[in-house]
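Peer 1: Counting the sequence shown from 1 gives a position; this note's numbering is that position plus 2. Backbone N, C-alpha and C define an ideal beta-carbon position, used for all residues, glycine too. Values in this document were obtained by computation on a predicted structure and should not be read as measured data.
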Amino acid sequence: MNFSNNSEVINEIRKYLMETIDKYSREKTIVNSPIDRTLLYLKLSIILNSIIRDKELREQVLMELNKIFSYREKQETQNRKEIVYESRMDILKTLYGKKKVTVSSIFSRKISTSEILDYIWLRKEGIIRKGKDGKLIIDRRIYSEGFDREKIRRINVSDLIRYMKEIPSRLWFKVIDKGFLNRLENEDFIKLLDSLHGYNPKIDQEMINELKQRLDHGWRPSWYEWRRIGDFIRKTVKRKPIRYMGPYTLYWLDPSSFSRDMQKKVLNDLMILPLQERWKIVSKLSRCRGCEDILRKLDLVSLSTIGNPNRYDEELRNRILLGKSLINYINYALTRDESYLDYSMFFLSKVDQSKIDPRLRPLY
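Here it is as structure tokens:
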């Protein structure tokens, strides 16, 4: 193609660039990819498109480029789900000649990281399994000629989470370190918090540090993940956190110290919770000093759970009473139980109409 000036070249490149981004983002080649990889992909695509004149060959080469980047994305996702290690099966020295063995006898001596991973692999494969008496039963497959001692082996993160508690927690640091935690997907990280907290203070601290890092880098957990994070913090942190780590940590903090941005984040996190969960947190939060600024920004239904409206200023008190009136009226509309209507009118009668926010007066 011939171009008469630079603007035509720029427009043609821009057009091709946008077409490439649109095409391959739809095919999920570059979705969620790091920006440097995305840029590399686009640069290679533009270069190949410009230097290969034969249309059929060009399309074939670009298709192969697409496959390479797609494969790499799949591989990275898989790598976060798997642990690949060099196995020597030195652990078999403890197992040979025995039909049963105790876990403590395996790990009583000095043991390497690969032996810990080999133990998990053997449990996963059913080559050693637990008997009713708690001892480990050893399968005769360990004596077969086809059983490779030295080999690159793989275990899933889910296998590690399942069997790690069988291994003395003093040895966990050989596997669970900063690098390992950083590679985990959020789903597996939450499962790890659930399963392995409270056994080893150093490991707990590593998990807390990783949690802080993920939250600082923009991770937005689901409401259920927030609840599990709250349980983890409650059970493992002796001195409660001095920073916000999700809505279930709110009542350990001083909300009056929150910046506007932090208040906005807290409100957004609260609003993704199911109503019952939100009510639990708002009820506890309402007993904290300095909570008024956050409560003031909540909707009426969320405020309806607060037990003592009279402890707050007139504006907030009216909002809480309106919320209680509204939720009782909704219950009346759903059940036709007139006691709810009576409660609704009772709370409404306590509202000072002159102090209501003008936007809420139509509701009154």
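1. Could you check where the alpha helix (DSSP H) with TYR201 kicks off and where it finishes?
2. On a CA-only basis, which of ARG262, PRO276, PRO223 and ARG291 is nearest ASP256? Give me that one, please.
3. Just verifying my parser: in three-state terms, what is the DSSP assignment at ILE139?
4. How would you label GLY325, buried or exposed, when you count the other beta carbons within 10 angstroms and need 16 or more for buried?
5. On the DSSP letters alone, give me the boundaries of the beta strand (DSSP E) that SER261 sits inside.
6. Using a Cβ-Cβ cutoff of less than 6 Å, which residues in the same chain neighbour TYR345 once the five nearest sequence positions on both sides are dropped?
7. Give the DSSP-derived three-state secondary structure of ILE157 in the structure shown.
8. Going by the CB atoms, is the gap between LEU194 and ILE393 shorter than 7 Å?
9. In this structure, how does DSSP classify SER224 when only helix, strand and coil are distinguished?
10. If you reduce the DSSP assignment to three classes, tell me which class GLU84 lands in.
11. When burial is assigned at 16 or more other CB atoms within 10 Å of the CB, is GLY232 buried or exposed?
12. According to DSSP, what are the bridge partners of ARG370?
13. If we count Cβ pairs, one from each stretch, closer than 8 Å, do we get three or more for the segment 262–281 versus the segment 291–307?
14. How far does the alpha helix (DSSP H) with LYS352 in it reach, from first residue to last?
15. Comparing alpha-carbon positions, which option in SER261, LYS204 and TYR226 lies nearest VAL239?
16. Quick one, which of ARG229, GLU187 and ASP218 has its alpha-carbon nearest LYS267's?
17. Alpha carbon to alpha carbon, what distance is there between LYS237 and ILE212?
18. Can you check DSSP and say which residues form a bridge with LYS102?
19. Among VAL86, LEU297, LYS282 and SER259, which residue has its Cα nearest to the Cα of LEU269?
20. Mapping DSSP to helix, strand and coil, what is SER341?
21. Out of ARG241, ARG222, ILE210 and TYR250, which one is the CA nearest neighbour of ARG229?
22. Give the DSSP-derived three-state secondary structure of GLU29 in the structure shown.
23. If distances are taken between C-alpha atoms only, which option among LEU198, ASN51, LEU336 and GLU152 comes closest to ILE169?
24. For ILE85 versus ILE157, is the C-beta distance shorter than 7 Å?
25. Using alpha carbons as the reference points, say which of ARG155, TYR165, LEU50 and PHE175 lies closest to ILE130.
26. What residue range does the alpha helix (DSSP H) around VAL284 cover?
27. Going by beta carbon distance, what residues of the same chain come within less than 8 Å of VAL2, once the five residues before and after it are set aside?
28. Just how far apart, CA to CA, sit GLU294 and GLN265?
Peer 2: To lay it out plainly:
1. Premise fails: TYR201 is in no alpha helix (DSSP H) and is neither H nor E.
2. ARG291
3. strand
4. buried
5. No beta strand (DSSP E) holds SER261; DSSP gives it neither H nor E.
6. ASN330
7. Note: ILE157 maps to strand in three-state DSSP.
8. No statement about residue 393 is possible, as the shown extent of the chain runs from 3 to 366 and does not include it.
9. coil
10. The answer is strand: DSSP assigns GLU84 an E or B state.
11. In this structure GLY232 is buried. Its beta-carbon is surrounded by 16 or more other beta-carbon atoms within 10 angstroms.
12. Any property of residue 370 remains undetermined from this structure, which presents the chain solely from 3 to 366.
13. yes
14. LYS352 -> no alpha helix (DSSP H), and no H or E assigned at all.
15. VAL239 has its Cα closest to that of LYS204, out of SER261, LYS204 and TYR226.
16. Of all alpha-carbon atoms in ARG229, GLU187 and ASP218, the one lying nearest the alpha-carbon of LYS267 is that of ASP218.
17. Contrary to the premise, residue 212 reads as Glu rather than Ile in this sequence. Spanning the two alpha carbons is a distance of roughly 17 Å.
18. ILE139
19. LEU297
20. helix
21. TYR250
22. Bear in mind that a pLDDT of 48 at GLU29, under 50, signals an unreliable position, so the model cannot answer this.
23. LEU198
24. yes
25. TYR165
26. 277–287
27. Any question about residue 2 goes unanswered here, given that the chain covers just 3 to 366.
28. 11 Å
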